[in-house]
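In this note's numbering, the protein residues as written are 20 to 532.
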């Protein structure tokens, strides 16, 4: 099994996905263990002094003015975890929780938190045992870290609360730790706070969304190309010299992808041979590279933010190399929250333009000779009429999900934490948007492949033929009388979401950008 080794300088998106989704093992490097021990020595020295130090010998947040005596400090660290583990609502997905735990360990391993090496090792042991704390949907405002979600994870380290074992059964965390030979941690000065104070949940969801969107943007280029082909449109608008004079990188990549899919098509270019010849295709077809390209460029910016955050140590207070322990605001989630919202906006627009293309395929007044709703016997059969309704409902929800969470703030902690990022909320709605986008593209794929097959007497591009063959082999039926449609749409969604659409195309086109 792949092993991820954490040092002091952060981690990579690939490592986050390996741990979160594929169960990769986690190890701490000797460098990280040394840095942990050194930082802990600084915290222990400060704890022995009579002067109060925030997070070491004081309360937290609005209660930071109280100096805590040595005999109460262990209780203080336990209490902050227990009291902050106050999440509510449905359980968060296993991959999100694993990303959350791994990214918190990444910051701990930096040597800037003052956590003992033994606590960090326990965090790695819990991940490696496949133990996943029960974390709830609501409880993070995206500032002072993803507090409630991280607290539920810290509670598991203490052997308290509930967690899911590797077999998927939820049991008391103490039982699961004991079953895997893991001793619960006894938290000391600063450690409870250090386990809670990071942007790890929203960052983990950003990284996984970027991976999913990379696949979906390539899939959208394919479905757009198939729709252009089915509508007998022109591929001339995809020529590289047109995109070179507006040099947005994502736009050029999307146009090149579409052009590669359409290479060798016998359907394109017929738009001026009809009884009512078109001068040009509709925006939803002609401007597909511009919309998909803008989303790609938004993703590039989001990746840059994620890379910076992956190299960061997010905690408050932090242990600096010169031995100072300083309070700071690096836990504020604004940088991550903004790009999560940007991505939801871009995804909504991509879904919207895909739905407009689908609707054009189904409308006999705009589909250039295709039967109404791609039905077998229109009137007796309804064809894909209600598949487009479903797609439209998904697009409408995507637009609601595109309303930024990060534009909101709500004060908390007796006005000490009076401006928050809402980054966790931005991440949660982006996950929903990504799932909806895969369904929207699946409906366009379903309609476009059926439409291409209905263009009898014309030969589609080799890449299109490969898609149709693979989709039919996956159990998605082609044109014919009405049938129970939901299973076909579900299979088409799986085909897109699992990368089978891209896998069908790339052997013909070569790798898409």
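Built from N, CA and C at the ideal position, the CB exists for glycine as well. Since the model is a prediction, treat every value here as computed from it, not as a measurement.
Inclusion of residue 427 and residue 441 in the CB contact set at 7 Å is warranted, their separation being smaller than that value.
Contact between residue 146 and residue 38 holds: their C-beta atoms lie close to 7 Å from each other, under 8 Å. In the displayed model, residue 390 falls within coil according to three-state DSSP, outside both helix and strand. Shown here, residue 155 sits in a strand according to DSSP, grouped into three states.
Secondary structure note for residue 109: it is in no alpha helix (DSSP H), and the uninterrupted beta strand (DSSP E) holding it is 107–110. Ranked by Cα distance from residue 506, the options 400, 406 and 210 are led by 406.
Straight-line spacing of the CA atoms in residue 93 and residue 75 works out to 10 Å. Residue 253 and residue 285 do not touch by the CB rule: their CB atoms are close to 14 Å apart, not below 8 Å. Contact between residue 103 and residue 167 is confirmed by a C-beta separation of about 6 Å, below the 8 Å threshold. Beta bridge pairing from DSSP links residue 47 with 25. Your pair residue 413 and residue 403 does not check out as a contact, with CB atoms roughly 14 Å apart and the cut at 8 Å. Sequence-distant partners of residue 236 (beyond 5 residues in either direction) whose C-beta falls short of 8 Å from its own C-beta, in its chain, are 273, 311, 314, 315, 318 and 369. Per DSSP, reduced to three states, the secondary structure at residue 240 is helical. When DSSP states are grouped into helix, strand and coil, residue 185 belongs to the coil group. Here the region 456–472 makes contact with the region 244–252; the two share three or more CB pairs at distances below 8 Å.
For the pair residue 107 and residue 124, the CB atoms are not nearer than the 7 Å cut-off. Residue 460 is positioned such that its CB atom lies closer than 7 Å to that of residue 515. Between residue 26 and residue 51, the CB-CB gap stays under 7 Å. As the crow flies, the alpha-carbon of residue 347 is around 11 Å from that of residue 216.
For residue 64, there are no CB contacts under 6 Å within the same chain when 5 residues up- and downstream are skipped. Residue pairing from DSSP places residue 397 in a beta bridge opposite 400. Rounded to the nearest whole angstrom, the C-alpha separation of residue 485 and residue 529 is 13 Å. Contact between residue 119 and residue 223 holds, with the beta-carbon distance rounding to 5 Å and staying under 8 Å. A distance of 7 Å or more separates the beta carbons of residue 338 and residue 350. Taking the C-beta atoms as reference points, residue 359 is found no nearer than 7 Å to residue 456. Linking residue 431 to residue 437 through their CA atoms gives a straight-line distance of about 6 Å.
Exclusion of the five residues before and after residue 352 leaves 161, 162, 218, 221, 440 and 442 as the residues of its chain whose Cβ lies within less than 7 Å of its Cβ.
At a Cβ-Cβ threshold of 7 Å, residue 518 and residue 330 do not count as neighbours.
Between residue 171 and residue 154, the gap from beta carbon to beta carbon is short of 7 Å. Residues 392, 394 and 501 of the same chain have their beta carbon placed closer than 8 Å to that of residue 401, with the five preceding and five following residues left out of the count.
The Cβ atoms of residue 387 and residue 257 do not sit closer than 7 Å to each other.
Taking all protein chains in view, the Cβ of residue 209 is crowded by 16 or more other Cβ atoms within 10 Å, so the residue is classified as buried.
A direct Cα-Cα distance of roughly 7 Å separates residue 36 from residue 227. The beta-carbon separation of residue 277 and residue 307, rounded to 7 Å, stays under the 8 Å limit for a contact.
CA-CA distance, residue 340 to residue 213, rounds to 17 Å. A check of alpha carbon separations from residue 356 across 527, 398, 424 and 396 identifies 424 as the nearest.
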